[in-house]
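Line order of the protein sequences matches chains U and C. Heads up: the first sequence begins at 1176 in this note's numbering, then just goes up one per residue. Heads up: the second sequence begins at 1176 in this note's numbering, then just goes up one per residue. Right, one structure below, let's go through it.
Number of protein chains: 2
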Amino acid sequence: MSFFDTVGKFAVGSRLRLLTEKITEDATQIYQMYGVDMNPKWFPVFYVLSRGEAMTITAIAKEIGHSHPSVSKIISEMVEKGLVKEKKDKTDGRRNMVSLSAKGKDINGKIQEQYTDVKNAIEAISANTQHDLWKAIAEWEFLLEQKSLLRWVQEQKKERESQKVKIVDYQPAYQQAFKDLNVEWISKYFKMEAADYKALDNPQGYILENGGHILVALYEDVPVGVCALIKMKDPAYDYELAKMAVSPAAQGKSIGWLLGNAILEKARSLGATKIYLESNTILKPAINLYYKLGFEKIIGHPSPYERCNIQMERPL
Amino acid sequence: MSFFDTVGKFAVGSRLRLLTEKITEDATQIYQMYGVDMNPKWFPVFYVLSRGEAMTITAIAKEIGHSHPSVSKIISEMVEKGLVKEKKDKTDGRRNMVSLSAKGKDINGKIQEQYTDVKNAIEAISANTQHDLWKAIAEWEFLLEQKSLLRWVQEQKKERESQKVKIVDYQPAYQQAFKDLNVEWISKYFKMEAADYKALDNPQGYILENGGHILVALYEDVPVGVCALIKMKDPAYDYELAKMAVSPAAQGKSIGWLLGNAILEKARSLGATKIYLESNTILKPAINLYYKLGFEKIIGHPSPYERCNIQMERPL
DNA sequence: TACATTTACGTAACCAGTTACATAATTAAC
DNA sequence: GTTAATTATGTAACTGGTTACGTAAATGTA
Chain U
1176 MSFFDTVGKF
1186 AVGSRLRLLT
1196 EKITEDATQI
1206 YQMYGVDMNP
1216 KWFPVFYVLS
1226 RGEAMTITAI
1236 AKEIGHSHPS
1246 VSKIISEMVE
1256 KGLVKEKKDK
1266 TDGRRNMVSL
1276 SAKGKDINGK
1286 IQEQYTDVKN
1296 AIEAISANTQ
1306 HDLWKAIAEW
1316 EFLLEQKSLL
1326 RWVQEQKKER
1336 ESQKVKIVDY
1346 QPAYQQAFKD
1356 LNVEWISKYF
1366 KMEAADYKAL
1376 DNPQGYILEN
1386 GGHILVALYE
1396 DVPVGVCALI
1406 KMKDPAYDYE
1416 LAKMAVSPAA
1426 QGKSIGWLLG
1436 NAILEKARSL
1446 GATKIYLESN
1456 TILKPAINLY
1466 YKLGFEKIIG
1476 HPSPYERCNI
1486 QMERPL
Chain C
1176 MSFFDTVGKF
1186 AVGSRLRLLT
1196 EKITEDATQI
1206 YQMYGVDMNP
1216 KWFPVFYVLS
1226 RGEAMTITAI
1236 AKEIGHSHPS
1246 VSKIISEMVE
1256 KGLVKEKKDK
1266 TDGRRNMVSL
1276 SAKGKDINGK
1286 IQEQYTDVKN
1296 AIEAISANTQ
1306 HDLWKAIAEW
1316 EFLLEQKSLL
1326 RWVQEQKKER
1336 ESQKVKIVDY
1346 QPAYQQAFKD
1356 LNVEWISKYF
1366 KMEAADYKAL
1376 DNPQGYILEN
1386 GGHILVALYE
1396 DVPVGVCALI
1406 KMKDPAYDYE
1416 LAKMAVSPAA
1426 QGKSIGWLLG
1436 NAILEKARSL
1446 GATKIYLESN
1456 TILKPAINLY
1466 YKLGFEKIIG
1476 HPSPYERCNI
1486 QMERPL
């Protein structure tokens, strides 16, 4: 089984499963050794009931981390063996109150020595290791509770992919992409307006030659995001951030974030001290991004666009 | 799920199972995220085949640590999906040679980025822990390979129980036990002889009053083992170790060992320098015990007992 | 007070593995 | 050259869990 040596950590799951099996396989014999007539899989249920209180199926399930049907099955097996007894709750007809029978309590007495021996055996094994399995499990449980493995992997993917993104200056070859990417979202959520066409059909004349700038995000050399910095007439601001668009196919690569930061950097290098933008609150991810980039909501600035219902600014 | 906090290490198995589940549950979604049309459970098989060589079912099973029927099922599922192809071995008609199909190889290309992201994710999780799960698993695998959990527990049990054994001096109240325990094994393997009855019916007159000693092992105050030190006439020896018997019901508690050591200690305190015994080689556990106690085989000493075919001595 | 929602729980079907068993092909032994 | 033992594989049945679903009781709400 050289498998794990070569495949590495990709197969933690498989490896854990095999270890679990190895640890579990002797369980039946161990119970026999102590003359305890119990199925190992009943143990967690047995244990929580051994405290004496009657419990409902779901309460047991929750405590031991099983599904309720699993507990339901275990209980009916234990009832058959006479280890536990069931009793309908008088005040709540749904509840099935389960508790240890006399025989169950008797077994609980016998099992105490087994507890200590197994516990000591596991501690003896641990004493022979450098790395504490028990504590490591607890840490993993905690970390995966906070953030699932899926999320951890997603972050790695995003990280790796964002390193493949290059932010470059606009060139005439990107005009089509600049238009297409913007038309895509504008026509999805709103209607294209006259001002849109002016800027998108002729970014050269309408944006760049008026002192503006455009940045393009390339993913594997394909333009997947654009963003413009438009020179404003209003003396309170230097530039407006506008025409920001990211291809839906390239989501999850932090392209908006990279583009936004690059454009702020560009503005800074041009000596700007305050950037303006306008948007619409139905574009939640965009608004979120703007907040993350340091923009703050302002009120009372007029807009030529019908679709805008929020204005923001970002001091540099 | 406070369960594990209170039950402690007795439930490692359960706890490992839950962690395995938690790690495994996202696997399907992770494959989806990378557009890889593969069932997570196929992965180990897929991985070993991705090295390019055609392999038999059993070779795969052995390498990944599954049973062969498991691999057999996985392969037929993968064949159905077109990921692998089967081919009967020409020189050995039993063998089913399995290898990746073109489609399988294609997926192998796509999956590479997934490998690195998952590996990095797991390393990122590990970096947030104090205790290294991966290394801890490897250590446990190794230790359980050497000695199963059952054996570890057995040792703990023996250790604990042997602490409940008390070795005490003979008293008339133990005469019945002294006789019964000896009759039990003698009549099981041989026939009771005249010399046996003399010693067992009257240990007081036959052993103690002739300068001998008897020790009794009590387990929870019940006599479960006996052993006598009989004064010898032969000037070469001080005492003979004889009439050692341990109840079969009390096996596995090291009683023979404790009794043997106590009797040697007693002999030493009496100033003896050499102990003699005779036995029969069909009593393998007994002979083993004598060797462990430091006895060595000698030849050419006459015995009054028919059943003896081996003589041993132990210098003190 | 009636109706929708939630909760408790059992049953059924599924899942990913296992062991047990049967069969065919190969290899070893007399 | 038979016959016995071993090996490779597939099929069936089992295991210890799950999710999906249905029903009845309790609870919340208009």
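Here a beta-carbon is modelled for each residue, glycine too, at the ideal position from N, C-alpha and C. Nothing here was measured: the structure is a model prediction, and the numbers come from that model.
Checklist entry - Are any of the Cβ atoms in chain U nearer than 9 angstroms to that of residue 1188 of chain C? => result Within the second sequence, numbered from 1, the residue matching residue 1188 of chain C stands at position 13. Taking Cβ atoms only, chain U reaches closer than 9 angstroms to residue 1188 of chain C, which makes this a yes.
Item to check | Cα-Cα separation between residue 1212 of chain C and residue 1253 of chain C, rounded to whole angstroms | outcome: Along the second sequence, read from residue 1 onward, the residue named residue 1212 of chain C stands at position 37. Along the second sequence, read from residue 1 onward, the residue named residue 1253 of chain C stands at position 78. Straight-line Cα distance between these residues: approximately 11 angstroms.
Checklist entry - What is the rounded straight-line gap between the Cα of residue 1452 of chain C and the Cα of residue 1460 of chain C? => result As a position in the second sequence, residue 1452 of chain C is number 277, starting the count at 1. As a position in the second sequence, residue 1460 of chain C is number 285, starting the count at 1. Taking the straight line joining both Cα atoms gives about 15 angstroms.
Item to check | Contacting residues, own chain, Cβ-Cβ under 7 angstroms from residue 1269 of chain U (five flanking each side not counted) | outcome: Counted from its first residue, the first sequence places residue 1269 of chain U at position 94. Here the set comprises nothing.
Checklist entry - Secondary structure at residue 1211 of chain C, three-state DSSP: helix, strand or coil? => result Numbered from its first residue, the second sequence carries residue 1211 of chain C at position 36. In the structure shown, residue 1211 of chain C sits in coil (DSSP, three-state: anything other than H, G, I, E or B).
Item to check | Interface residues of the stretch 1292 to 1311 of chain U facing chain C [CB-CB below 9 angstroms] | outcome: 1292, 1293, 1294, 1295, 1296, 1297, 1298, 1299, 1300, 1301, 1303, 1304, 1305, 1306, 1307, 1308, 1309, 1310, 1311
Item to check | Segments assigned beta strand (DSSP E), at least 3 residues, entirely inside the stretch 1354 to 1435 of chain C | outcome: 1388 to 1394, 1397 to 1406, 1414 to 1421
Next on the checklist: Taking its Cβ as the centre, do 16 or more other Cβ atoms sit within 10 Å of residue 1367 of chain U, making it buried, or is it exposed?
Outcome noted: Here residue 1367 of chain U is taken as the residue at index 192 of the first sequence, counted from 1. Its Cβ having fewer than 16 others within 10 Å, residue 1367 of chain U is exposed.
Checklist entry - Along chain U, which residues have their Cβ under 7 angstroms away from the Cβ of residue 1314 of chain C? => result Translated into the one-based positions of the second sequence, residue 1314 of chain C becomes position 139. In chain order: 1304, 1305, 1306.
Next on the checklist: Since residue 1128 of chain U and residue 1361 of chain U should fall inside the 8 angstroms C-beta cutoff, what is the C-beta to C-beta distance between them, to a whole number of angstroms?
Outcome noted: Residue 1128 of chain U falls outside the range modelled here, since chain U spans only 1176 to 1491, and no answer is possible.
Checklist entry - Under 9 angstroms, do residue 1195 of chain C and residue 1192 of chain U count as touching if we go by C-beta distance? => result Counting from one through the second sequence, the residue named residue 1195 of chain C turns up at place 20. Counting from one through the first sequence, the residue named residue 1192 of chain U turns up at place 17. Going by C-beta atoms, residue 1195 of chain C is nearer than 9 angstroms to residue 1192 of chain U.
Checklist entry - With 16 other CB atoms within 10 Å as the buried threshold, where does residue 1279 of chain C fall? => result To locate residue 1279 of chain C, count along the second sequence from 1; it is residue 104. Buried, because 16 or more other Cβ atoms sit within 10 Å of the Cβ of residue 1279 of chain C.
Item to check | Nearest-angstrom Cα separation, counted from residue 1430 of chain C out to residue 1215 of chain U | outcome: By 1-based counting over the first sequence, the position of residue 1215 of chain U is 40. By 1-based counting over the second sequence, the position of residue 1430 of chain C is 255. Spanning the two alpha carbons is a distance of roughly 30 angstroms.
Checklist entry - Who does residue 1490 of chain C pair with in a DSSP beta bridge? => result Sequence index remark: in the second sequence, residue 1490 of chain C carries index 315 (1-based). Looking at the DSSP assignment, residue 1490 of chain C forms a beta bridge with C:1449.
Checklist entry - Between which two residues does the beta strand (DSSP E) harbouring residue 1274 of chain U extend? => result For the purposes of this step, residue 1274 of chain U is identified with residue 99 of the first sequence, where counting begins at 1. Its beta strand (DSSP E) spans residues 1271 to 1275.
Checklist entry - Along chain U, which residues have their Cβ under 7 angstroms away from the Cβ of residue 1202 of chain C? => result In the second sequence, residue 1202 of chain C corresponds to position 27, counting from 1. Under the 7 angstroms cutoff, chain U gives 1188.
Checklist entry - What residue from U:1487, U:1379, U:1476, U:1434 has the CA that sits closest to residue 1409 of chain U's CA? => result Looking up residue 1409 of chain U in the first sequence gives position 234. Comparing Cα-Cα distances from residue 1409 of chain U to each of U:1487, U:1379, U:1476, U:1434, the minimum goes to U:1476.
Item to check | Whole alpha helix (DSSP H) elements within the stretch 1239 to 1311 of chain C, 4-residue minimum | outcome: 1243 to 1255, 1277 to 1302
Next on the checklist: If you follow the alpha helix (DSSP H) that residue 1459 of chain C is in, where does it begin and where does it stop?
Outcome noted: The residue you call residue 1459 of chain C lines up with position 284 of the second sequence. Looking at the DSSP string, the run of the alpha helix (DSSP H) that includes residue 1459 of chain C is 1459 to 1467.
Next on the checklist: Can you give me the C-alpha to C-alpha distance between residue 1319 of chain U and residue 1383 of chain U, rounded to a whole angstrom?
Outcome noted: Walking along the first sequence from the start, residue 1319 of chain U turns up at place 144. Walking along the first sequence from the start, residue 1383 of chain U turns up at place 208. Rounded to whole angstroms, residue 1319 of chain U to residue 1383 of chain U spans 49 angstroms at the Cα level.
Checklist entry - Between the beta-carbon of residue 1465 of chain C and the beta-carbon of residue 1391 of chain C, is there less than 9 angstroms? => result Sequence index remark: in the second sequence, residue 1465 of chain C carries index 290 (1-based). Sequence index remark: in the second sequence, residue 1391 of chain C carries index 216 (1-based). No, the pair does not count as a contact, with Cβ atoms beyond the cut-off.
Item to check | Whole-angstrom distance between residue 1436 of chain C and residue 1387 of chain C, CA atom to CA atom | outcome: By 1-based counting over the second sequence, the position of residue 1387 of chain C is 212. By 1-based counting over the second sequence, the position of residue 1436 of chain C is 261. Cα to Cα, residue 1387 of chain C sits roughly 17 angstroms from residue 1436 of chain C.
Checklist entry - Any beta-carbon of chain C closer than 9 angstroms to the one on residue 1215 of chain U? => result Translated into positions along the first sequence, residue 1215 of chain U becomes position 40. Chain C, which has a Cβ nearer than 9 angstroms to the Cβ of residue 1215 of chain U, makes this yes.
Checklist entry - Hey, out of C:1198, C:1259, C:1247, whose CA is closest to residue 1226 of chain C's CA? => result Residue numbering aside, residue 1226 of chain C sits at position 51 when the second sequence is read from its first letter. Residue 1226 of chain C has its Cα closest to that of C:1259, out of C:1198, C:1259, C:1247.
Item to check | Unbroken beta strand (DSSP E) run spanning residue 1201 of chain C, endpoints | outcome: Here the question's residue 1201 of chain C lines up with position 26 in the second sequence. Neither: residue 1201 of chain C is in no beta strand (DSSP E) and is coded neither H nor E.
Item to check | As assigned by DSSP and simplified to three states, the class of residue 1478 of chain C | outcome: Against the second sequence, residue 1478 of chain C aligns to sequence position 303. Note: residue 1478 of chain C maps to coil in three-state DSSP.
Checklist entry - Looking at the structure shown, is residue 1322 of chain U part of a helix, part of a strand, or coil, going by DSSP? => result For the purposes of this step, residue 1322 of chain U is taken as the residue at position 147 of the first sequence. It is coil, neither helix nor strand.
Checklist entry - Name the chain U residues that come within less than 9 angstroms of residue 1197 of chain C, Cβ to Cβ? => result The count along the second sequence starts at 1 and reaches residue 1197 of chain C at position 22. Within chain U, the residues near residue 1197 of chain C are 1315, 1316, 1319, 1320, 1323, 1324.
Checklist entry - Taking the DSSP output, what are the residues bridged to residue 1344 of chain C? => result Here residue 1344 of chain C corresponds to residue number 169 of the second sequence, with the count starting at 1. The partner list for residue 1344 of chain C (beta bridge, DSSP) reads C:1390.
Checklist entry - What did DSSP end up calling residue 1339 of chain U once you bin it into helix, strand or coil? => result For the purposes of this step, residue 1339 of chain U is identified with residue 164 of the first sequence, where counting begins at 1. Note: residue 1339 of chain U maps to coil in three-state DSSP.
Next on the checklist: Please list, in chain order, the chain U residues whose beta carbon lies closer than 7 angstroms to that of residue 1259 of chain C.
Outcome noted: Taking the second sequence and counting its residues from 1, the one referred to as residue 1259 of chain C is at position 84. Per Cβ cutoff of 7 angstroms: no residues; residue 1259 of chain C is ~17 angstroms from chain U at best.
Checklist entry - In the DSSP assignment, what are the bridge partners of residue 1472 of chain C? => result Counting from 1 along the second sequence, the entry for residue 1472 of chain C is found at position 297. DSSP, once it has assigned bridges, lists C:1487 as partnering residue 1472 of chain C.
Checklist entry - Should residue 1343 of chain U be flagged as near chain C, meaning a C-beta pair shorter than 9 angstroms? => result Here residue 1343 of chain U is taken as the residue at index 168 of the first sequence, counted from 1. So, not an interface residue.
Item to check | DSSP three-state assignment for residue 1225 of chain U, whether helix, strand or coil | outcome: Along the first sequence, read from residue 1 onward, the residue named residue 1225 of chain U stands at position 50. Coil.
Checklist entry - Taking the C-alpha atoms as reference points, what is the distance between residue 1288 of chain C and residue 1394 of chain U? => result Residue mapping note: residue 1288 of chain C aligns to position 113 of the second sequence, counting from 1. Residue mapping note: residue 1394 of chain U aligns to position 219 of the first sequence, counting from 1. The alpha-carbon atoms of residue 1288 of chain C and residue 1394 of chain U are separated by roughly 16 angstroms.
Checklist entry - Any idea what DSSP makes of residue 1454 of chain U, helix, strand or coil? => result Counting from 1 along the first sequence, the entry for residue 1454 of chain U is found at position 279. Strand.
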